[in-house]
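Engineer:
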Amino acid sequence: MLIQRISFALLFAVACNAAVAEERPSTEMASRHVELLESHCFDCHDSATKEANIDLESLSMNVAENMATAELWSKVLGALNSGEMPPEDSEPLLDTDKLAFLEDLSEKMVTARRILSDSGGDIVMRRLNRREYANTVEALLGVRPDVTTLPDDQATAGFDTAGASLFLSSDQIEQYHATAIKNLKLILLSRIHPTAKTVRIEPEEYYTQHYADAAEQMRDMGKRANAFLSQSEKPASEFGLLDEYQAKKQKVQEWLPLMENYLARPETQTGITLIMTIKQGGYTKVKLPTQHPDADGKYLVKVRAAMYPDADERHHYLEFSSGLGTGRKLLGWRKVTAPMEDPQTIDFEFTHEPGAKQQVWVHQRSHQDRGDKNLATLDMWDNGIGTPPGIWIDWVELHGPLPSDQTIAIQTARDSILFERPSDMDESEYARQVIRRFAAWAFRGSQPDKGYLQRLNQHYQTARDQGQPFTEALISPLSIVLASPSFLYHVEQSESANGRELSPSELAVRLSYFLWSAPPDDELLRLAESGRLSDSSILASQTERLLRDSRSRAFIEGFVHQWLQMERLDMFQFDGVDFPNFDNAVRENARQELFETFSHLLENDLPLDKLLKADFVVINDLLAGYYEIEGVEGHEFRKVSVPQDSLRGGLLGTAAVLAMGSDGQRSSPVERGAWVLRHLLNDPPPPAPPNVPQLSRLAGETLPARELARAHQEQPQCANCHQKIDPIGFGLENFDAAGRWRDQEVIGVGRRRYGRWDDEVRFDIEPSGKLPNGQSFANFFELRDAVAQHKDAFVRGFTEALIAYGLGRPFGFTDQELANQISSQAKQHNHSIRQFIHALVQSPEFQTR
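Residue numbers (mature numbering (1 follows the signal peptide of the UniProt record, and there is no 0)): -21 to -1, 1 to 828.
Encoded structure:
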C-alpha cells in the first residue's frame, strides 16, 4: 500500500507539472522534515560522522539546488524506499512520518529532475581513448598502432568513454605526432613483399645434444665436487670450483636423473619431449625463426605432435607465445589428443604486426611466475625425475608471410592515400589533393578549412625543398593531421548552452564509436550525407548492421570489461603450486568466457537475466577441463548445456568473476560480496572509510575467511557496510581463490619451500548468508537463485552502465527518466540485450549534443 501511494504521488506530480508548465513548482523540502532527519539520521550522517561519506546535516533542503544535492536526495529516497535505512538496530520511523516524507520528496524529485535536465547531462567533448585511437588509425592506415606510449585513459565512473577524464596536454600531442610518423612511414615507405617460404625445424637436433652435454657436465662437476670434499688440503679452485658451498651443491646433482631419463627415451632421438627444467624459462620450447624481420602478414605454424596419456591433462596443451619474460604475449593454445603411435599435425595461425619485433615460441602451457619451476622441483623430490612429460614434438614448420586481411588493408589504405595521379595534374596539385582528401577522411566527414590546408601544404613544400622524395615529404603534413584536435577529439559543435540535435554525420560518428569504437564506414557516411540516417527506421537497421558486423566485438569487450570491473583479473599473481591449473591459458580463457557469453546473448537475442542464471555455459575445451565438464572438444567457444544443479551457468559460477573476488591466494567474501552488490543487485556499497585500524589481536592466528570477515564487523566504522556485504560473499566460499569447488578451506602454515608448506590447516566451509533485504540462503545454489530473483535491479544497473558508456558521461540524476524508458522498452522484448541498445540509440539523449 505504501509503494502504491508513493507511485500515485509520482504520477500526480508529473500530471501537475504538465498542467502548470508555466509555473515552476517549489523544490524546497518542508522544514518539518528537518526534525525527522535529526532524530533518525544524524547519529551516523551528520557533518562530524559522515558515515559512508554521507553528510545530511549540511544537505540543502532545496532538492534542485545543484546536481550533487539532487543526487544525494535521490540516495535518501532509495534508502528509505528499500527499507535499508534506518538500520534495523535503530529507532524505526512511524509509517505516517515515512509516508509523508516520501510523498513530499518524490514530488520534489520529479520537479528537480525536469529543472536540472534543462542544464545538466551534457556530453563533454573528449579525445579518442586508446581503443578508439587504435581502431581509428587502423581504419585509416590498415596498421594497428602501438598505444602503450600514449596517455592513459583515466576512466570516470568506470568507463573510458567519459569525456571528463579524456583530455590532452601539449607534450601528449607530441606523443601522438611521433606515433603518427612511425605508422605513416610503415605503410608509405617501408613496405616489403617477400616471397612466402616454409622452414622446418627438427628440435631434437639442438635439445638431444644440449641435454647430453648438460648431463655430462653435471657428472663431471659431481666428480670434482666429491674429490674436493673428500680431502682438506687443496683449495676449491684447483678442482674448478668456487668454494665449498658450490661443491656441496654440485655433489647432490638432483637434476641429473631428469636429464638421463630424457635421453633414455627412444622418442627423443627423432623429436623432443617437453619437460620442465631449471633452465632459463623453466620449460623446453621451440623458437621459430624470424623469416623476414620487417615483413608483416599472416604466418602458419604446423606442429606434428603426440601426447603422453599418463600426464596431467593441463600438460596436453601446446602454448604459442611471442616475446620473452614479462613482456611475453600469449597468442593461443591447442590441445594435443593423438597418441604416440599416431601423431597429429596441429595448425596455428598468427599475425606479425608491422614494425613489431616478433619472436614466436612453441611450448607447453605454463605459469608466468616460478610456479612451473617449483612444481618441477617438488616432483623431483617426490619421484626423482621431475614433472612427467605431457607432449612429444616431432617437428615444427613455419609458413609465411601469407596474404592476410591486414596486408590487404594496408595496401588498400596506401592506394587510397596515394591515389592514381591524373595525367594532367602536376606534382604540387597532386600533393594538395592527397593532403586534402586525407584530412577529410581523418576528420570523419568534417571538412578542414582553407587556412589549415594551406599550412599543411607549406609543410609538404618545405620538406620537398629540403630534398625529400615526394612520398617522404608527405609524412610531415599527414602526421600533423593525425596529431590535430580535429582527429584526436570527438568534435560535436553546439550553438547553445542547452545543446542541439546532432547532424546526420555527427550521429553516424557517435553510433559507430558506440558500437565499433571506430569511425563510420562508407555506407553509414553515405546515409548521413543523404540525410536518411535521421530516419528512425534507417537508424534502427544501421544499428542492427553494426551489431552484426565483427567490429562490434570492440563494444562487447570494451563495455563488458569495464562494466564488470574485469581489471581485477590481472591485479594478482596466482601461485603455480597452490593453483597449478589456473595458469595463463585458463586466466585468458576465463576472461574470454565473459565476452563470449555476452556475445552469445547479443547474437541470439536472448534475455539479459541469463547472466544471473542459465542452463548453459559458453566455453571451449580448455575451460571445460577446468570446470570438469565432459564432452567438449576444440578451442572454439560454443554453447554447452549444463544441468540445473551445475555449479556453472551465470556470472556467479565463472572462474573470472570468482578469481576477481580474491587476492590471488585466498578467497575474499568482502570483495565477492561487494561485487555482487555493485554489478548484480545495483546496490553498490560506499567506499571503505580511511584509516581503518589493523586487527592486531588476530596477528599470527590462522583463521578461515569467514572469521576474518566477521572480525571487521567489530570496527564501528566498518560494521554497517560489512553486515551488508559479507553475508553475500559467504555464499561463494565453496569456490577457492581461482574459482574451483571445495568443501574445505585449506591454509598453509609453517615454513614454505618451493611453494610447499610444512603443514596445513583445514576449515569446513559454512556458506549460509543473507541478502540486504533479509532473504536468507543456505548455500551457493540458493544464493544464485536469490540473486536471480532480483532481475529488475540487475536490469536497472545494466541500463545505467550502458547509458554511461554510450553517452560518454557518468550516469546522473537527470538520466533517471531515460533509464526508465530504456528498461521499459527492453522489458517488452523479454529484456533482449539488443533492445537496450536500440532504445538508447533511438533516444533524444543519444541524438542530442
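Ideal placement from N, C-alpha and C gives every residue a C-beta, glycine not left out. These figures come from a predicted structure and were not determined experimentally.
Mark Ile387 as exposed unless 16 or more other C-beta atoms lie within 10 angstroms of its C-beta, in which case mark it buried.
Structural biologist: Per the 10 Å Cβ criterion, exposed.
Engineer: Counting pairs of beta carbons, one from the stretch 634 to 647 and one from the stretch 520 to 528, are three or more of them closer than 8 Å?
Structural biologist: Because the criterion of three Cβ pairs below 8 Å is not met, the stretch 634 to 647 and the stretch 520 to 528 do not touch.
Engineer: What are the boundary residues of the beta strand (DSSP E) that includes residue 831?
Structural biologist: It is not possible to answer for residue 831, since the shown part of the chain is limited to -21 through 828.
Engineer: What do you get for Ser(-15), buried or exposed, if any count of 16 or more other CB atoms within 10 angstroms of its CB means buried?
Structural biologist: Interpretation of Ser(-15) is limited by its pLDDT of 39, a score under 50 that renders its predicted location unreliable; no figure is taken from the coordinates.
Engineer: Please classify Arg627 as buried or exposed, where buried requires at least 16 other C-beta atoms within 10 Å of its C-beta.
Structural biologist: buried
Engineer: From Leu503, Trp495 and Ile726, pick the residue whose C-alpha is nearest to that of Arg532; which is it?
Structural biologist: Of the candidates Leu503, Trp495 and Ile726, the one whose C-alpha sits nearest the C-alpha of Arg532 is Trp495.
Engineer: Kindly give me the distance between the Cβ atoms of Phe777 and Leu660, rounded to whole angstroms, as I take these residues to be in contact under 8 Å.
Structural biologist: Phe777 to Leu660, Cβ: 12 Å. No contact.
Engineer: Straight-line CA distance for Glu30 to Ser641?
Structural biologist: Glu30 and Ser641 have their C-alpha atoms some 26 Å from each other.
Engineer: Looking at the secondary structure, which residues open and close the alpha helix (DSSP H) in which Gln390 lies?
Structural biologist: Asp384 to Ile396
Engineer: Taking Thr177 as part of the beta strand (DSSP E), name the residues at either end of that continuous run.
Structural biologist: Lys176 to Ile180
Engineer: Taking the C-alpha atoms as reference points, what is the distance between Glu712 and Ile744?
Structural biologist: 7 Å
Engineer: List, from N- to C-terminal side, the beta strand (DSSP E) runs of 3 residues or more that fit wholly inside the stretch 157 to 230.
Structural biologist: 176 to 180
Engineer: Please state whether the Cβ-Cβ distance between Leu220 and Arg203 is less than 8 Å.
Structural biologist: yes
Engineer: Which residue from Asp289, Gly787 and Leu354 puts its Cα closest to that of Val556?
Structural biologist: Leu354
Engineer: Going by DSSP, what residue range makes up the alpha helix (DSSP H) through Val539?
Structural biologist: Here the alpha helix (DSSP H) through Val539 covers Arg532 to Trp542.
Engineer: On the criterion of 16 or more Cβ atoms from any shown chain inside 10 Å, does Met8 qualify as buried, or is it exposed?
Structural biologist: Counting Cβ neighbours within 10 Å, Met8 comes out buried, since at least 16 surround it.
Engineer: So for Met255, helix, strand or coil by DSSP?
Structural biologist: strand
Engineer: In angstroms with no decimal places, state the Cα-to-Cα distance between Val655 and Gly718.
Structural biologist: 15 Å
Engineer: With three or more C-beta pairs closer than 8 Å as the rule, is the stretch 702 to 710 touching the stretch 745 to 757?
Structural biologist: The stretch 745 to 757 is in contact with the stretch 702 to 710.
Engineer: Under the rule that 16 or more other beta-carbon atoms within 10 Å means buried, what is Ser69, buried or exposed?
Structural biologist: exposed
Engineer: Does Trp654 come out as helix, strand or coil in the three-state DSSP assignment?
Structural biologist: helix
Engineer: Which residue from Thr140, Leu81, Arg828 and Arg775 puts its Cα closest to that of Phe815?
Structural biologist: Comparing Cα-Cα distances from Phe815 to each of Thr140, Leu81, Arg828 and Arg775, the minimum goes to Arg775.
Engineer: Quick one: what's Trp720 bridged to in DSSP?
Structural biologist: Phe714
Engineer: Determine whether the beta carbon atoms of residue 830 and Gly121 lie at a separation below 8 Å.
Structural biologist: There is simply no residue 830 to check, as the chain begins at -21 and stops at 828 in what is shown.
Engineer: Does the Cβ of Leu381 have 16 or more other Cβ atoms within 10 Å, making it buried, or fewer, making it exposed?
Structural biologist: exposed
Engineer: Please report the distance separating the alpha-carbon of Asp764 from that of Ser647.
Structural biologist: 21 Å
Engineer: For Glu30, which beta-bridge partners are listed by DSSP?
Structural biologist: Looking at the DSSP assignment, Glu30 forms no beta bridge with any residue, so it has no partner.
Engineer: If the criterion is Cβ atoms closer than 8 Å, does the pair Ala653 and Pro666 meet it?
Structural biologist: no
Engineer: Is the beta carbon of Leu486 less than 8 Å from the beta carbon of Gln826?
Structural biologist: yes
Engineer: Let me check understanding here. Comparing Cα to Cα, which of Arg11, Ser10, Ala780 and Asp34 lies closest to Phe21?
Structural biologist: Asp34
Engineer: Report yes if the C-beta distance between Asp738 and Val725 is below 8 Å; otherwise report no.
Structural biologist: no
Engineer: Any contact between the stretch 388 to 406 and the stretch 276 to 289? By contact I mean 3 or more CB pairs, one from each, below 8 Å.
Structural biologist: At 8 Å Cβ cutoff, the stretches do not touch.
Engineer: I think Ala43 touches Thr75, with their Cβ atoms under 8 Å apart; what is that distance to the nearest whole Å?
Structural biologist: No, Ala43 and Thr75 are not in contact; Cβ-Cβ is about 26 Å, not under 8 Å.
Engineer: Relative to the C-alpha of Asp600, which candidate in Gly610, Leu591, Lys592 and Asp594 has its C-alpha closest?
Structural biologist: Comparing Cα-Cα distances from Asp600 to each of Gly610, Leu591, Lys592 and Asp594, the minimum goes to Gly610.
Engineer: Any idea if Lys77 is buried or exposed, counting beta-carbon neighbours within 10 angstroms, 16 or more meaning buried?
Structural biologist: buried
Engineer: When you compare the stretch 430 to 439 with the stretch 454 to 471, are there three or more beta-carbon pairs, one atom per stretch, that lie closer than 8 Å?
Structural biologist: Enough Cβ pairs lie closer than 8 Å, so yes.
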